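To start, the structure under review is shown below, and the notes come after it.
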Amino acid sequence: MATVARPTKPKAAVSGPPLRRQSSRRVRILVQLSALMAAIAGLWLLWDLTASTVEIEVDGVTSSVQTHRRVVGDLLTDVGLLLGREAVVEELLAGDTRITVRKTQTHAQANVASAATGDDAAKAAPREGLRISHNLNTRITDGLRLFIERPQSFRILADGRETQASSWAKTPAELMTDAGIPFSPRDQVLIYGTAIGWDDTMPTGPGRISDTRLSGGPDWERVERVPLLIEINRSVRLTVYEDTVPYTIHTLAETVGEALRDAQITIYLGDEVQPSLGSRVSSGLRVFIRRSTPVSLLADGVLYKTRTQSENVGDVLTEIGVGLTGLDEVSPPLSADLYPDMQIRIVRVREEIEVEEEIAPFGTEWVGDRDLPIDTIIDRPGAEGITRRRFRVLLRDGQVAERELEDVWVAQEPRNRVRVYGQKIEPKTFVTEDGQEITYWRTIRMRATSYSASTAGVSPSVRWFGYTRTGDRMRKGVVAVDPRIIPLRTKVYVPGYGFGDALDTGGSIQFRRIDLGYDDHNLVLWSRWVDVYLLWPPPPEHQIEWVIRNWPIEPQ
Numbered sequence: 001m002a003t004v005a006r007p008t009k010p011k012a013a014v015s016g017p018p019l020r021r022q023s024s025r026r027v028r029i030l031v032q033l034s035a036l037m038a039a040i041a042g043l044w045l046l047w048d049l050t051a052s053t054v055e056i057e058v059d060g061v062t063s064s065v066q067t068h069r070r071v072v073g074d075l076l077t078d079v080g081l082l083l084g085r086e087a088v089v090e091e092l093l094a095g096d097t098r099i100t101v102r103k104t105q106t107h108a109q110a111n112v113a114s115a116a117t118g119d120d121a122a123k124a125a126p127r128e129g130l131r132i133s134h135n136l137n138t139r140i141t142d143g144l145r146l147f148i149e150r151p152q153s154f155r156i157l158a159d160g161r162e163t164q165a166s167s168w169a170k171t172p173a174e175l176m177t178d179a180g181i182p183f184s185p186r187d188q189v190l191i192y193g194t195a196i197g198w199d200d201t202m203p204t205g206p207g208r209i210s211d212t213r214l215s216g217g218p219d220w221e222r223v224e225r226v227p228l229l230i231e232i233n234r235s236v237r238l239t240v241y242e243d244t245v246p247y248t249i250h251t252l253a254e255t256v257g258e259a260l261r262d263a264q265i266t267i268y269l270g271d272e273v274q275p276s277l278g279s280r281v282s283s284g285l286r287v288f289i290r291r292s293t294p295v296s297l298l299a300d301g302v303l304y305k306t307r308t309q310s311e312n313v314g315d316v317l318t319e320i321g322v323g324l325t326g327l328d329e330v331s332p333p334l335s336a337d338l339y340p341d342m343q344i345r346i347v348r349v350r351e352e353i354e355v356e357e358e359i360a361p362f363g364t365e366w367v368g369d370r371d372l373p374i375d376t377i378i379d380r381p382g383a384e385g386i387t388r389r390r391f392r393v394l395l396r397d398g399q400v401a402e403r404e405l406e407d408v409w410v411a412q413e414p415r416n417r418v419r420v421y422g423q424k425i426e427p428k429t430f431v432t433e434d435g436q437e438i439t440y441w442r443t444i445r446m447r448a449t450s451y452s453a454s455t456a457g458v459s460p461s462v463r464w465f466g467y468t469r470t471g472d473r474m475r476k477g478v479v480a481v482d483p484r485i486i487p488l489r490t491k492v493y494v495p496g497y498g499f500g501d502a503l504d505t506g507g508s509i510q511f512r513r514i515d516l517g518y519d520d521h522n523l524v525l526w527s528r529w530v531d532v533y534l535l536w537p538p539p540p541e542h543q544i545e546w547v548i549r550n551w552p553i554e555p556q
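Quick note: the sequence shown uses this note's numbering, first residue 1, plus one each step.
Here you go:
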């Protein structure tokens, strides 16, 4: 590709009159700009000197505003707290506070109102109904302080929809009226999930600093009030039929059982409820309650208290599981119809046969037998006499009510005990320690003691001191006995003592006791059991004690 070079002519230097004209124009422009800036500064200074400073406090947040407006209404329109002429202002007096509210107009009404008057402040309307401390036509003076409150905003959740509303309402009932939402006093109102009454005072929503608002605006524009969350739970109408008597309840519960409990309708264990207590409620639901009958039953010492759907006494007993047997009595009877608080009693009745025995003791007979050796006893047992009586006994709850004698008979005649003792006496022999053979007729096991004249318990001063019962002198060979057992003057032999004569007695010498006599100088103390041999011949039969009492008893 070829390049063509073109010759250029050098520019001539500017000088002379054109240059002076250009410099003079720049100077004029600078002068004009300076004059304009001075004029603007003067005007600004004049505006600032003639402006009024007003403090506006909105919901507790204060900002200072400078204005040339003459009345309060114009100032509030400038700062955006009032709307334009499309709304009409009405001022209401509530106590000492003026409340400015807005009446919405159609566009035609707004145009007519704008043409009729040029007073914008008088026709301005507060945004969302403000509470302003001064009349809108109040003239502005320097240092004026205005107090403005904005209504609370709300988020209302009702019937599955969310409604945004602003209101001066103090109670939920007033809020629902302002928002045009129908409600029933039986409905439940929740503020952030907490139940509150319809006529209770609602809390004030908190304020928070908004990061989305411009920082150049008034301070109150940066404070965003959080709407209060209001939830409405609609009550459900139920018709309750209790024993055919209908009545209506309203409930917020989810199940039939909870609805009846909230309505303070007591359901007893025996009551029947249709639909069941766990069924979910719905508007217009009909609930049928069949009441049970309270009754009490006393049986077997136990008091039962229950409620039943049964119709008569017999069905109640079957339901409880209490049975009847034999002669049992029921009051009221089994066929009786039930009524509230009926008292039923069962008396257990039974018959028993009782047999009583009357015992007649038997006696004892002693019979001698001449063919039976002496000191031999044969026992023939006796038998008691038995007389029986039969009674028919009627028991009521375990207590004897009637007792009737039906029969009496002798079951066994008494039979005496027979003790046969031996009376056969034969001579027997015995060899003593020294080898002497003796003949005896009886051996008696006896407890032997010893005594002498000085130890017999008789004072030496009496004339019978040293003499025995038979009048013989006391000496060795004299023994004291019980004459009922061993007749006096009977000869005896005592091993270890020798021969003796039964010549003495003693107050303590009875039955199987024998006291061996000594002289004072040769006294030997005895205290032991020995066999005493009664030497032949035996005494006459009338002096013989065939059965000797076993006393004292020899230790085993």
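Glycine is no exception: its CB is placed at the ideal position from the N, C-alpha and C atoms. Bear in mind that the values here come from a model prediction, so they are computed numbers and not experimental data.
Contact between the region 358–376 and the region 308–315 (3+ Cβ pairs under 8 angstroms):
no
By a C-beta neighbour count over all protein chains shown, 10 Å radius and 16 as the cutoff for buried, is Phe154 buried or exposed?
Taking the first residue of the sequence shown as 1, we reach residue 154 at position 154. So Phe154 ends up on the buried side.
Assuming contact is defined by CB atoms lying nearer than 8 angstroms, are Ile191 and Leu229 in contact in what I supplied?
Locating residue 191 in the sequence shown gives position 191, counting from the first residue. Locating residue 229 in the sequence shown gives position 229, counting from the first residue. The answer is yes: Cβ separation under 8 angstroms.
Going by C-alpha to C-alpha distance, which of Ile353, Ala158, Val494 sits closest to Leu395?
Reading the sequence shown from its first residue, position 395 is the one you call residue 395. Out of Ile353, Ala158, Val494, Ile353 has the C-alpha closest to the C-alpha of Leu395.
What's the gap between the Cα of Ile29 and the Cα of Gly42?
Counting from one through the sequence shown, the residue named residue 29 turns up at place 29. Counting from one through the sequence shown, the residue named residue 42 turns up at place 42. If I take the Cα positions, the gap works out to 20 angstroms.
Can you give the Cα-Cα distance for Asp199 and Thr177, rounded to whole angstroms?
To locate residue 199, count along the sequence shown from 1; it is residue 199. To locate residue 177, count along the sequence shown from 1; it is residue 177. When rounded, the distance between both Cα atoms is 12 angstroms.
Would you kindly work out how many angstroms separate the C-alpha atoms of Ser331 and Arg237, rounded to a whole number?
Position 331 of the sequence shown, counted from the start, is the residue given in the question as residue 331. Position 237 of the sequence shown, counted from the start, is the residue given in the question as residue 237. Taken atom to atom, the span from the alpha-carbon of Ser331 to that of Arg237 is near 45 angstroms.
Cβ of Asp379 within 8 angstroms of Cβ of Ser450?
Numbered from 1 along the sequence shown, position 379 holds the residue referred to as residue 379. Numbered from 1 along the sequence shown, position 450 holds the residue referred to as residue 450. Contact flag unset, no.
Pull up the distance between the alpha-carbon of Ala113 and that of Ala179, whole angstroms please.
Reading the sequence shown from its first residue, position 113 is the one you call residue 113. Reading the sequence shown from its first residue, position 179 is the one you call residue 179. Confidence in Ala113 is poor, its pLDDT being 35 and thus under 50, which makes the residue's placement unreliable; the coordinate value appears in the next sentence. About 28 angstroms.
Assign Ala124 to one of three DSSP states: helix, strand, or coil.
Stepping through the sequence shown from its first residue, residue 124 is reached at position 124. Below a pLDDT of 50, predicted positions are generally treated as unreliable, and Ala124, at 39, falls in that range; the measurement from the model is reported next regardless. Looking at Ala124 - three-state DSSP - the assignment turns out to be coil, as it is neither helix nor strand.
So for Ser24, helix, strand or coil by DSSP?
Residue 24 sits at position 24 when you count from the first residue of the sequence shown. Helix.
Counting C-beta neighbours from all protein chains within 10 Å, is the total for Asp504 16 or more, i.e. buried, or is it exposed?
Taking the first residue of the sequence shown as 1, we reach residue 504 at position 504. So Asp504 ends up on the buried side.
I'd like to know whether the C-beta atoms of Ile156 and Ile132 end up nearer to each other than 8 angstroms.
Here residue 156 refers to the residue found at position 156 when the sequence shown is read from its first residue. Here residue 132 refers to the residue found at position 132 when the sequence shown is read from its first residue. Not in contact: Ile156 and Ile132 (Cβ atoms no closer than 8 angstroms).
Could you tell me the alpha carbon to alpha carbon distance between Thr490 and Val478, rounded to whole angstroms?
On the sequence shown, position 490 is the one that residue 490 refers to. On the sequence shown, position 478 is the one that residue 478 refers to. Each residue's Cα considered, the two are about 11 angstroms apart.
Enumerate in chain order the residues of its own chain whose CB-to-CB distance from Phe465 is below 6 angstroms, with the five nearest sequence positions on each side excluded.
Residue 465 sits at position 465 when you count from the first residue of the sequence shown. If we look at Phe465 and ignore the five residues flanking it on each side, its Cβ neighbours are Val458.
Among Glu554, Trp168, Thr77, the one whose alpha carbon lies nearest that of Asn137:
Translated into the one-based positions of the sequence shown, residue 137 becomes position 137. Of Glu554, Trp168, Thr77, the residue nearest in Cα terms is Thr77.
Which of helix, strand or coil DSSP assigns to Gly517
Stepping through the sequence shown from its first residue, residue 517 is reached at position 517. In the structure shown, Gly517 sits in a strand (DSSP, three-state: E or B).
Is it buried or exposed for His134, if we count other Cβ within 10 angstroms and need 16 for buried?
Position 134 of the sequence shown, counted from the first residue, corresponds to residue 134. His134 should be labelled buried.
What separation, rounded to the nearest whole angstrom, lies between the Cα atoms of Pro373 and Asp407?
Locating residue 373 in the sequence shown gives position 373, counting from the first residue. Locating residue 407 in the sequence shown gives position 407, counting from the first residue. Approximately 50 angstroms between the Cα atoms of the pair.
Taking DSSP's pairing of strands, which residues face Leu503 in a bridge?
Within the sequence shown, numbered from 1, the residue matching residue 503 stands at position 503. Beta-bridge pairing links Leu503 to no other residue.
Please report the straight-line C-alpha distance between Leu146 and Thr53, rounded to a whole angstrom.
Stepping through the sequence shown from its first residue, residue 146 is reached at position 146. Stepping through the sequence shown from its first residue, residue 53 is reached at position 53. A straight-line Cα-Cα distance of about 11 angstroms links Leu146 and Thr53.
Spatial distance of Tyr247 from Gln264 (CA atoms)
On the sequence shown, residue 247 is found 247 positions in, with the first residue counted as 1. On the sequence shown, residue 264 is found 264 positions in, with the first residue counted as 1. Approximately 14 angstroms, taken between the alpha carbons.
Does DSSP classify Met446 as helix, strand or coil?
Position 446 of the sequence shown holds residue 446. It is a strand residue.
Nonlocal neighbours in the same chain, by C-beta distance under 7 angstroms from Gly368, ignoring five residues either side:
Position 368 of the sequence shown holds residue 368. Within the same chain, Gly368 has close Cβ partners Tyr421, Gln423, Trp546.
Return the chain-ordered list of same chain residues with a C-beta closer than 7 angstroms to the C-beta of Arg392, the five sequence neighbours on each side being excluded.
The sequence position of residue 392 within the sequence shown is 392, counting from 1. Correct list, in chain order: Glu351, Ile353, Glu404, Glu406.
Could you check which residue in Gly398, Pro185, Val347, Leu535 has the C-alpha nearest to that of Ala592?
Residue 592 falls outside the range modelled here, since the chain spans only 1 to 556, and no answer is possible.
Under a three-way DSSP split, which group does Asp531 fall into?
Start at 1 with the first residue of the sequence shown, and residue 531 comes out as number 531. Of the three classes helix, strand and coil, the one that applies to Asp531 here is strand, per DSSP.
Per DSSP, what kind of secondary structure is Asp199 in: helix, strand or coil?
Taking the sequence shown and counting its residues from 1, one reaches residue 199 at position 199. The answer is coil: DSSP assigns Asp199 none of H, G, I, E or B.
8 angstroms Cβ shell around Val71 - same chain, five flanking residues per side excluded
Position 71 of the sequence shown, counted from the first residue, corresponds to residue 71. Around Val71: Ala121, Leu136, Asn137, Thr138, Arg139, Ile140.
For a test of the three-state rule: what should DSSP assign to Ala299, helix, strand or coil?
As a working note, residue 299 is residue 299 in the sequence shown. Looking at Ala299 - three-state DSSP - the assignment turns out to be strand.
Which first and last residues belong to the alpha helix (DSSP H) in which Asp472 is found?
By 1-based counting over the sequence shown, the position of residue 472 is 472. Note, Asp472: premise wrong, no alpha helix (DSSP H); not H, not E.
Note down the Cα distance separating Ser508 from Tyr440, rounded to an integer number of angstroms.
Translated into positions along the sequence shown, residue 508 becomes position 508. Translated into positions along the sequence shown, residue 440 becomes position 440. When rounded, the distance between both Cα atoms is 26 angstroms.
Where Trp220 falls, given that 16 or more other Cβ within 10 Å makes a residue buried
In the sequence shown, counting from the first residue as 1, residue 220 sits at position 220. Classification for Trp220: buried.
Which runs of the alpha helix (DSSP H) fall wholly inside the region 125–169 and span at least 4 residues, in chain order?
none
Return the first residue and the last residue of the alpha helix (DSSP H) that Trp464 is part of.
Along the sequence shown, read from residue 1 onward, the residue named residue 464 stands at position 464. Boundaries cannot be given for Trp464, as no alpha helix (DSSP H) includes it and DSSP labels it neither H nor E.
Sequence ranges, beta strand (DSSP E) only - wholly within the region 383–434, length at least 3:
385–396, 399–412, 417–424, 428–431
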